[in-house]
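Taking it in order: structure first as structure tokens, then the write-up.
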Amino acid sequence: MSVTTTPEATTPPSGTASELGSITRSAEAARERTAVLEEQIVDNPGAYRVLTGDRPTGVLHLGHLIGTLDNRVRLQRLGVEVFLVVADYQVITDRDGAGDLPAVVREVLLDYLAAGIDPERTTIFTHSAVPALNQLLLPFLSLVTVAELERNPTVKAEAAAAAERGGRGMSGLLFTYPVHQAADILFCHGNLVPVGEDQLPHLEATRLVARRFNQRYSAAQPYFPEPDALIAPSTTVLGNDGAKMSKSRGNALALRASEDNTVAFFKRARTDAERTITYEPELRPEIANLLRIGAHFAGTTPEALADELGPAGAGRLKAVVTEAVVEGLRPLRARRRELASAGPSHLDEVLARGNARANEIADRTLDDVRGLMGMRY
Ligand code: TRP
756 MSVTTTPEAT
766 TPPSGTASEL
776 GSITRSAEAA
786 RERTAVLEEQ
796 IVDNPGAYRV
806 LTGDRPTGVL
816 HLGHLIGTLD
826 NRVRLQRLGV
836 EVFLVVADYQ
846 VITDRDGAGD
856 LPAVVREVLL
866 DYLAAGIDPE
876 RTTIFTHSAV
886 PALNQLLLPF
896 LSLVTVAELE
906 RNPTVKAEAA
916 AAAERGGRGM
926 SGLLFTYPVH
936 QAADILFCHG
946 NLVPVGEDQL
956 PHLEATRLVA
966 RRFNQRYSAA
976 QPYFPEPDAL
986 IAPSTTVLGN
996 DGAKMSKSRG
1006 NALALRASED
1016 NTVAFFKRAR
1026 TDAERTITYE
1036 PELRPEIANL
1046 LRIGAHFAGT
1056 TPEALADELG
1066 PAGAGRLKAV
1076 VTEAVVEGLR
1086 PLRARRRELA
1096 SAGPSHLDEV
1106 LARGNARANE
1116 IADRTLDDVR
1126 GLMGMRY
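Numbered per this note's numbering, the sequence shown spans residues 756 to 1132.
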């Protein structure tokens, strides 16, 4: 699919697809765009506002760290303003709940702070604490058709997975959550969204909502930006059963796991029968996965690590990766223990401050939106 960019559109960009076009932009185009953006971010970090987040369904794992968490910390350190939504309303899209939500949210906060998210520079908030953000969902829903929502491949896959788990039908919230996610991003005028490839259809939905809102209510001067995805270099980490690492599959290495558990985790990791180590993601996904994990912590590339190991074999690869992860996570884990043992009051305070700031911004945006829509009474 071709992507057309108008000449004057650089930061933030605009114009993909036709008005009624598909909401799926190819991952390849997003990766190309990411390379351009990376240069612009370094040149002018102040021009960007990042919004991204996680569903608080459990503690975060190695896949989160490598896929997005380290990237968020990097952006924060480059001087980009970062917003993190702990997406509690997304938890109930496909399940009844996540158990003790306040406890799970605190665990996620511990993971964030231990990984290097600095609450002085990054705003952390929960959906349910920011009413004006949620109210944006109503006008936004009016801007998309049911047919467009039905085309979202990630929602379809999630509905199928939920049906398999519990035989439940697609909830109205699951069906519409990409539009809710548009509210997450647009309430703070986020223009950069670091995500994995599975989130690209949602980002396209956000762009569509922003574009249509601007056309309908703010034609003279676009009110919302059309945000860009920023694809992390290696987004998919496999669990020790060879499938994508995820809490619900029970194949994940939690960031808070002990060193012993980490060693045991990699002992169980799958390899293959070939002696020489090569980086061939299509042919040898499990070896490639170990190489990506090792390279991430060693600050090198999977290709270079494969060259270095060459004939040493899978046993040596596992040993190298285990060591890299144990060493790489040591400071994070020490910091996490320290924060956890200090009790919940610091975490609650971080969240309260983040929620207050998010509310301030969301209230202002909703007021602007009411004004633009002729609903200020
Ligand atoms: N859906 C995302 C996930 O499951 C989490 C999320 C919620 C998000 N709101 C967002 C990501 C807004 C990016 C932007 O990982």
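From the three backbone atoms N, C-alpha and C, an ideal C-beta is built for every residue, glycine too.
For this session: Let me know if I778 comes out buried or exposed under the rule of 16 or more other beta-carbons within 10 Å of its beta-carbon.
Result: Locating residue 778 in the sequence shown gives position 23, counting from the first residue. Its pLDDT being 41, under 50, I778 is placed unreliably by the model, and nothing is read from it.
For this session: State whether the segment 1102-1113 contacts the segment 879-892, with contact taken as three or more CB pairs (one from each stretch) at a distance under 8 angstroms.
Result: yes
For this session: Could you tell me which residues DSSP puts in a beta bridge with T877?
Result: As a position in the sequence shown, residue 877 is number 122, starting the count at 1. Residue pairing from DSSP places T877 in a beta bridge opposite V837.
Problem set entry | Secondary structure of R1108, DSSP reduced to three states | For the purposes of this step, residue 1108 is taken as residue 353 along the sequence shown, with counting starting at 1. The answer is helix: DSSP assigns R1108 an H, G or I state.
Problem set entry | Candidates T1055, R1011 and G1049, of which the one nearest A1089 by Cα | Here residue 1089 corresponds to residue number 334 of the sequence shown, with the count starting at 1. Residue R1011 is the option with its Cα nearest to A1089.
Problem set entry | Test item: CB-CB of A1009 and G994 under 8 angstroms | Locating residue 1009 in the sequence shown gives position 254, counting from the first residue. Locating residue 994 in the sequence shown gives position 239, counting from the first residue. No, Cβ-Cβ distance for A1009 and G994 is not below 8 angstroms.
For this session: Identify, in the order they occur along the chain, each residue of the same chain with its Cβ nearer than 6 angstroms to the Cβ of M756, setting aside the five sequence neighbours on each side.
Result: Here residue 756 refers to the residue found at position 1 of the sequence shown. Unreliable positioning characterises M756 in this predicted model, as indicated by a pLDDT of 34, which lies under 50. The coordinate reading is nonetheless provided below. Hits under 6 angstroms: S781.
Exercise. To the nearest angstrom, how far is it from the Cα of T909 to the Cα of V840?
Worked result: Here residue 909 corresponds to residue number 154 of the sequence shown, with the count starting at 1. Here residue 840 corresponds to residue number 85 of the sequence shown, with the count starting at 1. Spanning the two alpha carbons is a distance of roughly 19 angstroms.
For this session: Consider the C-beta atom of V840 and the heavy atoms of the ligand TRP; say whether any pair is separated by less than 7 angstroms.
Result: Looking up residue 840 in the sequence shown gives position 85. Yes, Cβ of V840 sits closer than 7 angstroms to a heavy atom of the ligand TRP.
Exercise. Should the segment 809-826 be regarded as contacting the segment 961-980, the criterion being three or more beta carbon pairs within less than 8 angstroms?
Worked result: no
Exercise. In this structure, what does DSSP give as the bridge partners for D983?
Worked result: For the purposes of this step, residue 983 is identified with residue 228 of the sequence shown, where counting begins at 1. In the DSSP output, where bridge partners are listed per residue, D983 has L947.
Exercise. What does a CB cutoff of less than 6 angstroms around G776 pick up in its chain, not counting 5 residues either side in sequence?
Worked result: Along the sequence shown, read from residue 1 onward, the residue named residue 776 stands at position 21. Its pLDDT being 38, under 50, G776 is placed unreliably in this model, and the value from its coordinates should be taken loosely. So no residue of the chain qualifies.
Exercise. Per the contact definition of three or more C-beta pairs closer than 8 angstroms, is the segment 1021-1033 in contact with the segment 1071-1078?
Worked result: yes
Exercise. Does the segment 802-818 come close enough to the segment 944-956 that 3 or more CB-CB pairs lie under 8 angstroms?
Worked result: yes
Exercise. How big is the Cα-Cα spacing for F1052 and S897?
Worked result: The count along the sequence shown starts at 1 and reaches residue 1052 at position 297. The count along the sequence shown starts at 1 and reaches residue 897 at position 142. So the alpha carbons of these two residues sit roughly 45 angstroms apart.
For this session: Look up D809 in the DSSP assignment and say whether it is helix, strand or coil.
Result: Here residue 809 is taken as the residue at index 54 of the sequence shown, counted from 1. In this structure, D809 counts as strand in the three-state DSSP scheme.
Exercise. Of the residues P894, T1026, G922 and L1038, which one's Cα is nearest the Cα of G1070?
Worked result: For this step, residue 1070 is matched to residue 315 along the sequence shown. Measuring from the Cα of G1070, the nearest candidate turns out to be T1026.
For this session: With a 10 Å radius around its C-beta and 16 neighbouring C-beta atoms as the bar for buried, classify N907 as buried or exposed.
Result: Sequence index remark: in the sequence shown, residue 907 carries index 152 (1-based). Buried: at least 16 other Cβ atoms inside 10 Å.
For this session: Go ahead and label R1092 buried or exposed: buried means 16 or more other beta carbons lie within 10 angstroms of its beta carbon, across all protein chains shown.
Result: Taking the sequence shown and counting its residues from 1, one reaches residue 1092 at position 337. By the 10 Å Cβ count, R1092 comes out exposed.
For this session: Express the C-alpha separation of V1124 and A1136 in angstroms, rounding to a whole number.
Result: No answer is possible for residue 1136: the residues shown for the chain start at 756 and end at 1132.
For this session: Have a look at L1060 and E1037 and give me their C-alpha separation to the nearest angstrom.
Result: Taking the sequence shown and counting its residues from 1, one reaches residue 1060 at position 305. Taking the sequence shown and counting its residues from 1, one reaches residue 1037 at position 282. Using only the alpha carbons, I get a separation of about 17 angstroms.
Exercise. Is it the case that the CB of Q936 approaches a heavy atom of the ligand TRP more closely than 7 angstroms?
Worked result: For this step, residue 936 is matched to residue 181 along the sequence shown. For the ligand TRP, at least one heavy atom lies less than 7 angstroms from the Cβ of Q936.
For this session: Check whether the segment 918-930 touches the segment 843-850, taking contact to mean three or more Cβ pairs, one atom from each stretch, closer than 8 angstroms.
Result: Yes, the segment 918-930 touches the segment 843-850.
Exercise. Span of the alpha helix (DSSP H) holding S1096?
Worked result: The residue given as residue 1096 occupies position 341 in the sequence shown. Note, S1096: alpha helix (DSSP H), G1068 to S1096.
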